[in-house]
Amino acid sequence: MLTLAYNRPAIPAQERCLQQFIVDNAPVLALNAIAASHGQITYVQLQNLFNHQLAQWWTLPHDNPQPANQYEASYWSLIQTLNGISDYQLMGDRFIQHKVATISCYLLNIGPCPQLTTINRP
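Numbered per the working numbering, the sequence shown finishes at 985, counting up by one with no gaps.
As structure tokens, this is what we get:
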């Protein structure tokens with residue numbers, strides 16, 4: 864008889880739904896954040912996107928304020944960064960551009976995991 868060497872704990876359906884939301888929305892936000900920082904789309908379009916994503920998030924059932932993993936924490940960090948700046952900061956502040964690009968590249972799986980401060984889900 865075979866015995867599994869490692870049994871992954873079952874992930875509750877609620878958490879799977881939340882993680883699927885992040886997997887579906889993070890790359891879209893990352894691409895649009897990079898596009899906005901290069902002037903390819905307007906900052907208003909980017910704001911509309913992340914406001915729409917946040918509205919969808921609030922319809923999902925969630926009770927844990929902690930992100931499930933580093934990928935989700937990076938998504939919320941990008942949302943927080945974009946929500947706290949204006950259009951001229953995104954296009955003109957090199958520090959913000961670097962932060963947005965670093966997080967976005969990680970969310971697109973083309974860059975290393977960024978060093979983030981502790982963040983909670985909204």
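Virtual Cβ for every residue (Gly too), placed ideally from N, Cα, C.
8 Å Cβ shell around residue i - same chain, five flanking residues per side excluded
i: Trp-939; result: Pro-930, Ile-982, Asn-983, Arg-984, Pro-985
Residue i in three-state terms, based on DSSP
i: His-925; result: coil
i: Ile-874; result: coil
i: Ser-949; result: coil
i: Leu-971; result: coil
i: Ile-982; result: coil
Candidates the options: closest to residue i by CA position
i: Thr-944; options: Val-886, Leu-979, Glu-878; result: Leu-979
i: Val-886; options: Leu-894, Asn-914, His-915, Glu-935; result: Glu-935
i: Glu-878; options: Tyr-906, Gly-974, Pro-928, Lys-962; result: Pro-928
i: Gln-919; options: Gln-933, Gln-952, Gln-883; result: Gln-883
i: Trp-921; options: Tyr-969, Leu-971, Cys-880, Asn-972; result: Cys-880
With 16 other Cβ atoms within 10 Å as the buried cut-off, status of residue i
i: Leu-923; result: exposed
i: Leu-892; result: buried
i: Tyr-951; result: exposed
i: Pro-975; result: exposed
i: Leu-971; result: exposed
Spatial neighbours of residue i in its chain, beta-carbon cut-off 6 Å, leaving aside the 5 residues before and after
i: Gln-916; result: Asn-888
i: Ile-942; result: Phe-913
Rounded separation between residue i and residue j - CA only
i: Ser-967; j: Gly-955; result: 17 Å
i: Gly-947; j: Ile-874; result: 33 Å
i: Leu-953; j: Ala-876; result: 37 Å
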